[in-house]
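What follows is a single structure, written as structure tokens, with notes after it.
There are 2 protein chains.
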Amino acid sequence: MPAAAAGEPLDETMRALAEPRRRAILRLVATDELAAGEIAAAFEVTRTAVSQHLTVLKNAGLLSERREGTRRLYRARPEGLAELREFLDGMWASALDDARRLVEADRAARAARAARAAEDRSEEDR
Amino acid sequence: MPAAAAGEPLDETMRALAEPRRRAILRLVATDELAAGEIAAAFEVTRTAVSQHLTVLKNAGLLSERREGTRRLYRARPEGLAELREFLDGMWASALDDARRLVEADRAARAARAARAAEDRSEEDR
DNA sequence: GCCTTCCGTCAGCGTCCGCTAACGTTCGTC
DNA sequence: GACGAACGTTAGCGGACGCTGACGGAAGGC
Chain A
0 MPAAAAGEPL DETMRALAEP RRRAILRLVA TDELAAGEIA AAFEVTRTAV SQHLTVLKNA
60 GLLSERREGT RRLYRARPEG LAELREFLDG MWASALDDAR RLVEADRAAR AARAARAAED
120 RSEEDR
Chain B
0 MPAAAAGEPL DETMRALAEP RRRAILRLVA TDELAAGEIA AAFEVTRTAV SQHLTVLKNA
60 GLLSERREGT RRLYRARPEG LAELREFLDG MWASALDDAR RLVEADRAAR AARAARAAED
120 RSEEDR
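Residue numbers (numbering that gives the first Met the number 0), protein chains in the order written: chain A, 0 to 125; chain B, 0 to 125.
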């Protein structure tokens, strides 16, 4: 291995999100906090595979783990997506003013609402 | 080709962006329109590898190609990133919306108070 | 026509990745 | 302490991925 393991944290995030199943898992625990077994039951792969996916997502900072007895409850961690968002914004800013102007009005209301809700939610983790 | 290539367009986008080199290429052609040779010269891999990366990016809708004589000029295509942005925003919105609806009565007052304090502190950095 | 430049494509190879089956660990219960 | 439940971990396997080297093709200069 040429020592290119985990240079940028964005790299690990992108690699985790590249897998469709992992995106599905992330969407599943975005609304509720679910146990590993419950998440595994939602898919048609082995529980082992889901456990490995959960490990990858957790290492990427996209998941938060909480133990309750023998169970482990997982929840999506929106902060992990912040860097990806920065990557997109950064390229947009330098690349385009035209397309940005086109979608700005469209996403303004939605972004504002999401940002406000994000503040409410991230407050719970501290 | 077993026809399992492109299920969702988002899937192809994410898979293209998962590769660090492809993100670097995308950033390189975000500001200027560059030829394939110029792009290849910026990296220490073979020109062939870069050409394959360009093909992947083009198929994902992240790149636009324009021919000028024997040269092929590439430029980033922000519309391809718009879908990814919609995915992120969509997950945030639905997730936070559902979560708030589920636990609204239980933690509304506490979360609101905490969030208000957080908003006063961090203000607007978006 | 001939040659060079610029670029994409193909075959092959080493590595990584996601999946499964078997095993190990922790916690609660009797 | 013994048993079962809920998970994580490991070894191994098949497929996908990225890279290289060799080849093919289109456009321009002589």
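Cβ atoms here follow ideal geometry from the backbone N, Cα and C, with glycine treated the same way.
What you are looking at is a predicted structure, and each value in this text was computed from that prediction instead of being measured.
Alpha-carbon to alpha-carbon, residue j and residue i
i: residue 89 (chain B); j: residue 68 (chain B); result: 43 angstroms
i: residue 21 (chain A); j: residue 85 (chain B); result: 18 angstroms
i: residue 128 (chain B); j: residue 66 (chain A); result: The first residue shown for chain B is 0 and the last is 125, placing residue 128 (chain B) beyond what the model contains.
i: residue 51 (chain A); j: residue 35 (chain A); result: 11 angstroms
i: residue 63 (chain A); j: residue 41 (chain B); result: 39 angstroms
i: residue 46 (chain A); j: residue 26 (chain A); result: 18 angstroms
i: residue 18 (chain A); j: residue 7 (chain A); result: 19 angstroms
Neighbour list for residue i in chain A, Cβ cutoff strictly below 7 angstroms
i: residue 17 (chain B); result: 13, 14, 17
i: residue 84 (chain B); result: 87
i: residue 26 (chain B); result: 90
Contacting residues, own chain, Cβ-Cβ under 7 angstroms from residue i (five flanking each side not counted)
i: residue 55 (chain B); result: 15, 21
i: residue 31 (chain A); result: none
Closer than 7 angstroms to chain A by CB, residue i
i: residue 80 (chain B); result: yes
Same chain only: Cβ atoms within 6 angstroms of residue i, ignoring 5 sequence neighbours per side
i: residue 29 (chain B); result: 75
Any C-beta of chain B under 7 angstroms from that of residue i
i: residue 100 (chain A); result: With a pLDDT of 43 at residue 100 (chain A), under the threshold of 50, the predicted position of this residue should be treated as unreliable, and no value is reported.
i: residue 103 (chain A); result: Here the model assigns residue 103 (chain A) a pLDDT of 45, short of 50, so the residue's position is not dependable and the matter cannot be decided.
Beta-carbon proximity list for residue i, same chain, < 8 angstroms, skipping 5 on both sides
i: residue 80 (chain A); result: 12, 61
i: residue 44 (chain B); result: 20
i: residue 38 (chain A); result: 24, 27, 28, 49, 53, 73
i: residue 70 (chain B); result: 34, 35, 36
i: residue 9 (chain B); result: 82, 83, 86
i: residue 77 (chain B); result: none
Anticipated Cβ contact below 8 angstroms, residue i with residue j, distance rounded
i: residue 83 (chain B); j: residue 87 (chain A); result: 7 angstroms
Residue i CB to nearest heavy atom of the ligand MG below 6 angstroms
i: residue 20 (chain B); result: The model depicted lacks the ligand MG and carries no ligand whatsoever.
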